[in-house]
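Undergrad:
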Amino acid sequence: MQLQRSLFDDIDEIKSGEQESMPNAQPTGEAARIVELREMLNRHNHNYYVLNQPTISDQEFDHLMRELQELEAKHPEMADPLSPTQRVGSDLSQGFKQVTHERPMMSLGNSYSIEEVQDFLRRAKDGLGGEPVEIVGEMKYDGTSISITYENGRLVRAVTRGDGVRGDDVTANVITIKSIPLQLPAGTDYPSRFEVRGEILMPWASFERLNKERAFNEEPLFANPRNAAAGTLKMQNSAEVARRGLDAYFYFLLGDNLPYSTHTQAMEAVSSWGFKTAHTQVLDSIDEVSTFIEHWDKERKALPVATDGLVFKLNSLRQWLNLGATAKSPRWAIAYKFAPERECTKLKFVSYEVGRTGVITPVANLEPVLLSGTVVKRASLHNEDIIRQLDIHDGDMVYVEKGGEIIPKIVGVDNTQRESGAQPLRFVTHCPVCGTPLKRIEGEAAWVCPNKWGCKPQITGRIEHFVGRHAMNIDGIGEEVAVQLHDSGLVNDVADLYTLSVDRLIQLDRFQLKSAQRIMRGIEQSRLVPFERVIFALSIQFVGETTAKVLARNVHNIDRLMSMSADELAAIPEIGPKIAQSIVEHFAEPANCDIVERLRWAGLQMALSEKELASHTTKLEGKKIVISGVFQQHSREEYKAMIEQNGGKNVSSISKATSFILAGENMGPAKMEKAAKLGIEIINEEQFLNMLE
Ligand code: AMP
Ligand code: ZN
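If you read the sequence shown in my numbering, its first letter stands for residue 24, the second for the next number, and so on.
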């Protein structure tokens with residue numbers, strides 16, 4: 024049998040090592056304590072993450088975890104990749120190996136009404152020669168599917184659905200998900216080898232936290248928890264996966280000669296082994312099916328995870344076998360899809376927020392309403408044009424939907440409920456913070472407060488941006504501290520940060536010596552932050568992280584950047600006329616040039632270093648490159664960095680615009696086919712490295 028490589032090679036070695044040192048012996052002393060601690064921590068993990076009923080405090084848990092970590096450090100011979108201490112993940116990068124599913128992972132047929140569910144049942148009965156059927160209903164979780172294999176109670180492999188035939192081996196990421204048992208509890212009657220299938224999900228709470236963080240770092244937001252879960256599961260860094268708080272629910276059990284005759288029995292067993300399951304319920308009549316749908320269409324909104332419908336399955340596993348499947352989906356199950364979630368609530372008032380760049384965002388403040396598991400009180404109205412299109416009046420009843428953004432959006436108005444005499448909503452004409460008359464940027468929907476140097480949220484917003492993780496990475500200055508620094512008169516622009524000292528900081532209200540020292544350490548270290556991130560930190564409109572990189576690589580130093588004309592800038596690949604114009608305007612302002620001079624004087628990196636200059640080429644200029652498969656000489660991350668350093672662009676999917684594919688071993692068949700169809704060249708590691716020589 025093909026065993027999982029990367030992770031479980033080690034287990035074999037460890038196991039054989041163990042046998043040599045202590046043949047058949049029961050572990051004693053510290054070794055026994057390790058075993059005991061692992062069992063205890065597994066149990067507490069299950070109580071906490073599956074049952075939601077912790078029986079010990081977080082501190083006690085941490086205490087046990089620390090004891091185990093210390094003992095494991097002392098006894099490397101007892102290392103186990105499935106120990107609870109390994110749930111934190113590692114930041115070693117992993118190329119994903121492709122694995123063929125033992126049984127293909129199919130999708131489900133869809134239905135949208137009770138009549139369609141009835142049709143499905145009729146077809147199933149006919150297919151079984153008129154035999155009676157028992158039906159079960161369960162939640163349809165909206166995440167990304169996973170297949171996990173267990174051998175002798177230990178998790179051995181977790182594979183994504185992929186194309187249904189082959190998927191990616193994401194074991195190292197999956198074992199960081201705390202509600203998934205790694206080692207089934209002793210004494211339970213699990214089969215020696217089985218596969219469970221379920222859905223990996225990002226709970227609403229984690230999703231919102233993640234998107235907030237990403238918005239702050241100006242990274243693209245995830246459109247929904249499904250995309251977030253799928254993206255997270257494919258990350259190279261399992262420590263980051265662990266941090267993101269994924270969860271999982273299971274709805275299929277597969278294996279040879281399993282001792283169950285119904286799906287409910289199988290799910291009860293799966294649940295008793297410590298997995299979260301999909302709330303399987305037997306439904307005795309079509310009326311019960313109807314009630315089940317009505318019930319969950321409401322109740323699902325309070326669930327902590329996203330659902331997009333229900334799944335109805337026949338309960339008899341023998342009938343599953345008899346009915347079989349079409350090319351795409353089984354004949355013994357069907358999905359029932361809910362209409363997207365939307366609620367109607369009252370608009371209390373509209374507030375206007377001023378961003379770092381002066382753009383004014385209208386925000387609807389609503390009567391609180393429950394939507395997709397969270398209470399919604401605010402919704403974005405985006406801009407004046409949208410308000411006009413929706414024809415919103417004061418105090419309207421509005422429809423709210425949760426889209427991709429963190430803040431839900433208003434999608435319509437119920438004007439039958441409009442109060443007589445209600446006035447259409449009018450956009451503010453002056454900045455709500457500093458009172459300056461607003462300006463509308465030509466060709467854009469946004470209104471802007473032009474008082475860049477005197478409007479507080481713009482000033483503090485630029486400070487927050489400057490210290491951000493992807494810019495100068497100065498820890499300890501959040502929104503509150505930025506406002507405090509500004510209000511105290513210590514920091515009026517980002518260059519003033521470099522005049523701070525511990526003494527000055529601790530004179531501020533409620534400022535601790537420790538936090539002052541942390542900030543000063545960050546400021547000190549920021550002098551080494553590379554030039555490209557300095558450009559990003561300057562808050563030049565339209566210059567995000569990627570554009571900053573392109574600029575650094577092409578212009579090499581700040582003096583050149585400041586003196587270039589819009590035409591010269593626009594001649595750089597990937598820099599459009601809008602960005603070029605914005606850069607020229609930025610440096611036409613004396614205050615901005617002054618900031619650059621003071622930052623230069625403070626010792627920031629205002630040019631590419633010699634080393635960066637040497638490693639940057641334009642050999643891949645304008646090339647769009649897809650990376651696929653597993654590599655021998657460098658990691659995927661390293662290849663990505665090489666592509667960028669040489670002026671190329673790493674893209675994720677194959678299209679006509681792809682220049683070539685950098686392929687390692689095991690490139691997926693679907694990609695192979697697509698490349699052949701579009702006639703795109705495939706280049707292996709050696710050829711690629713030769714290109715860069
Ligand atoms: P779709 O992707 O819309 O064709 O729906 C099929 C997918 O629904 C399956 O591949 C599973 O990933 C997912 N799913 C979610 N909950 C369930 C469930 N309770 N039973 C079966 N599949 C489910
Ligand atoms: Zn203003």
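For glycine and all other residues, C-beta sits at the position ideal for the given N, C-alpha and C.
Under 7 Å from any heavy atom of the ligand AMP, does the C-beta of lysine 10 make it?
TA: Because the chain here runs from 24 to 716, residue 10 falls outside it and cannot be looked at.
Undergrad: When you get a sec, list the residues whose CB is within less than 5 Å of any heavy atom of the ligand AMP, chain order please.
TA: Residues flagged by the Cβ proximity filter: Ser130, Leu131, Glu161, Lys163, Tyr164, Ser168, Glu222, Tyr274, Ala301, Val334.
Undergrad: Near threonine 483, what residues of its chain come up, given a Cβ to Cβ distance below 6 Å and the 5 sequence neighbours on each side ignored?
TA: Indexing the sequence shown from 1 puts residue 483 at position 460. Closer than 6 Å at the Cβ level, and outside the excluded window around threonine 483, lie Ala505, Val506, His509.
Undergrad: Kindly indicate which three-state DSSP category aspartate 33 falls into: helix, strand or coil?
TA: Residue 33 sits at position 10 when you count from the first residue of the sequence shown. Unreliable positioning characterises aspartate 33 in this predicted model, as indicated by a pLDDT of 30, which lies under 50. The coordinate reading is nonetheless provided below. Correct three-state label for aspartate 33: helix.
Undergrad: By alpha-carbon positions, which one of Asn669, Glu661, Glu696, Phe654 ends up nearest to leucine 643?
TA: For the purposes of this step, residue 643 is taken as residue 620 along the sequence shown, with counting starting at 1. The shortest Cα separation from leucine 643 among Asn669, Glu661, Glu696, Phe654 belongs to Asn669.
Undergrad: Tell me which residue opens and which closes the alpha helix (DSSP H) that aspartate 279 is part of.
TA: Taking the sequence shown and counting its residues from 1, one reaches residue 279 at position 256. Where aspartate 279 is concerned, there is no enclosing alpha helix (DSSP H), given that its DSSP letter is neither H nor E.
Undergrad: Contact between the region 101-109 and the region 139-159: three or more CB pairs below 8 Å?
TA: Verdict: no, contact absent.
Undergrad: From which residue to which residue does the beta strand (DSSP E) around leucine 584 run?
TA: The residue labelled residue 584 in the question sits at position 561 within the sequence shown. Unbroken run through leucine 584 is the alpha helix (DSSP H), 581-586; no beta strand (DSSP E).
Undergrad: Does glutamate 407 have its Cβ less than 8 Å from a Cβ in chain D?
TA: Although the question refers to chain D, the structure presented lacks it and comprises just one protein chain.
Undergrad: Could you tell me whether the Cβ atoms of valine 377 and isoleucine 383 are closer together than 8 Å?
TA: As a working note, residue 377 is residue 354 in the sequence shown. As a working note, residue 383 is residue 360 in the sequence shown. For valine 377 and isoleucine 383, yes; Cβs fall inside 8 Å.
Undergrad: How is proline 460 classed by DSSP in three states: helix, strand or coil?
TA: Residue 460 sits at position 437 when you count from the first residue of the sequence shown. In the structure shown, proline 460 sits in a strand (DSSP, three-state: E or B).
Undergrad: Report all residues from its chain with a CB closer than 8 Å to the CB of glutamine 604; omit the five preceding and five following residues, and keep chain order.
TA: Here the question's residue 604 lines up with position 581 in the sequence shown. Once the five neighbours on either side are set aside, the close Cβ partners of glutamine 604 are Ala589.
Undergrad: Output the residue ranges of the beta strand (DSSP E) runs that lie fully inside the region 161-235 and measure 3 residues or longer, sorted by chain position.
TA: Whole beta strand (DSSP E) segments, 3+ residues: 167-174, 177-183, 189-191, 216-224.
Undergrad: Below 8 Å, can you find three or more Cβ-Cβ pairs linking the region 413-427 to the region 363-374?
TA: Taking 8 Å as the limit for Cβ pairs, the verdict is that the region 363-374 does touch the region 413-427.
Undergrad: Return yes when at least one heavy atom of the ligand ZN lies under 7 Å from the C-beta of cysteine 367, else no.
TA: Within the sequence shown, numbered from 1, the residue matching residue 367 stands at position 344. Every heavy atom of the ligand ZN is 7 Å or more from the Cβ of cysteine 367, so no.
Undergrad: What's the call for alanine 48, buried or exposed, on a 16-neighbour Cβ count within 10 Å?
TA: As a working mapping, residue 48 is identified with position 25 in the sequence shown. Confidence at alanine 48 is low in this model, with a pLDDT of 48, below 50, so its placement is unreliable and no value can be given for it.
Undergrad: Is the region 206-216 close to the region 156-164, with three or more CB pairs under 8 Å?
TA: No, the region 206-216 does not touch the region 156-164.
Undergrad: What's the gap between the Cα of glutamate 390 and the Cα of lysine 371?
TA: Residue mapping note: residue 390 aligns to position 367 of the sequence shown, counting from 1. Residue mapping note: residue 371 aligns to position 348 of the sequence shown, counting from 1. The alpha-carbon atoms of glutamate 390 and lysine 371 are separated by roughly 6 Å.
Undergrad: In terms of residues, what are the limits of the beta strand (DSSP E) holding threonine 368?
TA: Counted from its first residue, the sequence shown places residue 368 at position 345. Threonine 368 -> beta strand (DSSP E) spans 365-377.
Undergrad: Return the bridge partner residues of glutamine 121 from the DSSP annotation.
TA: Translated into positions along the sequence shown, residue 121 becomes position 98. Glutamine 121 is bridged to Asp191.
Undergrad: In chain order, what are the residues with a CB under 6 Å from some non-hydrogen atom of the ligand ZN?
TA: Those residues, listed in chain order, are Val377, Cys454, Val456, Cys457, Thr459, Cys472, Asn474, Cys478.
Undergrad: Short of 8 Å in beta carbon distance, which residues of its chain neighbour arginine 323, apart from the five on each side in sequence? Order them along the chain.
TA: Translated into the one-based positions of the sequence shown, residue 323 becomes position 300. Excluding sequence neighbours, arginine 323 sits near Met162, Thr330, Phe361.
Undergrad: Does the beta-carbon of serine 39 have 16 or more other beta-carbons within 10 angstroms, so that it is buried, or is it exposed?
TA: The residue you call residue 39 lines up with position 16 of the sequence shown. Caution applies to serine 39, whose pLDDT of 34 falls short of 50 and renders its modelled position unreliable; the model cannot decide the point.
Undergrad: Residues in the same chain with beta-carbon distance under 7 Å from valine 456, minus the five sequence neighbours each way, listed in chain order, please.
TA: Along the sequence shown, read from residue 1 onward, the residue named residue 456 stands at position 433. Here the set comprises Val377, Cys478, Lys479, Pro480.
Undergrad: In the DSSP assignment, find the unbroken beta strand (DSSP E) run with proline 391 in it and report its ends.
TA: Within the sequence shown, the letter at position 368 stands for residue 391. Segment 383-394, the beta strand (DSSP E) holding proline 391.
Undergrad: Which of the three DSSP states, helix, strand or coil, is assigned to phenylalanine 335?
TA: Indexing the sequence shown from 1 puts residue 335 at position 312. Of the three classes helix, strand and coil, the one that applies to phenylalanine 335 here is strand, per DSSP.
Undergrad: Excluding sequence positions up to five away, which residues of its chain have a Cβ less than 7 Å from the Cβ of glutamine 342?
TA: Taking the first residue of the sequence shown as 1, we reach residue 342 at position 319. Once the five neighbours on either side are set aside, the close Cβ partners of glutamine 342 are Leu151, Val156, Trp355.
Undergrad: Buried or exposed, going by whether 16 or more other CB atoms sit within 10 Å of the CB of serine 678?
TA: Position 655 of the sequence shown, counted from the first residue, corresponds to residue 678. With fewer than 16 Cβ atoms within 10 Å of its Cβ, serine 678 is classed as exposed.
Undergrad: Roughly how many angstroms separate the alpha carbons of glycine 435 and leucine 413, rounded to a whole number?
TA: What you label residue 435 is simply residue 412 of the sequence shown in a count that begins at 1. What you label residue 413 is simply residue 390 of the sequence shown in a count that begins at 1. Their Cα atoms are separated by approximately 6 Å.
Undergrad: Identify every residue that forms a DSSP beta bridge with tyrosine 135.
TA: Residue numbering aside, residue 135 sits at position 112 when the sequence shown is read from its first letter. Its beta-bridge partners do not exist; DSSP assigns none.
Undergrad: If we count Cβ pairs, one from each stretch, closer than 8 Å, do we get three or more for the region 226-241 versus the region 189-201?
TA: Touching, no, given that fewer than three Cβ pairs across the two stretches are closer than 8 Å.
Undergrad: Does the separation of the CB atoms of threonine 681 and valine 649 fall below 8 Å?
TA: Within the sequence shown, numbered from 1, the residue matching residue 681 stands at position 658. Within the sequence shown, numbered from 1, the residue matching residue 649 stands at position 626. Yes, the pair counts as a contact, with Cβ atoms nearer than the cut-off.
Undergrad: When the Cα atoms are used, what is the spatial distance from glutamate 717 to tryptophan 624?
TA: Shown here, the chain extends from 24 to 716; a query on residue 717 therefore has no answer.
Undergrad: For histidine 453, does the count of other Cβ atoms within 10 angstroms reach 16, so buried, or fall short, so exposed?
TA: Mapped onto the sequence shown, residue 453 falls at position 430. Flag for histidine 453 reads exposed.
Undergrad: How is the beta strand (DSSP E) around threonine 570 delimited, first residue to last?
TA: Working through the sequence shown from its first residue, we reach residue 570 at position 547. Not the beta strand (DSSP E): threonine 570 falls in the alpha helix (DSSP H), residues 568-578.
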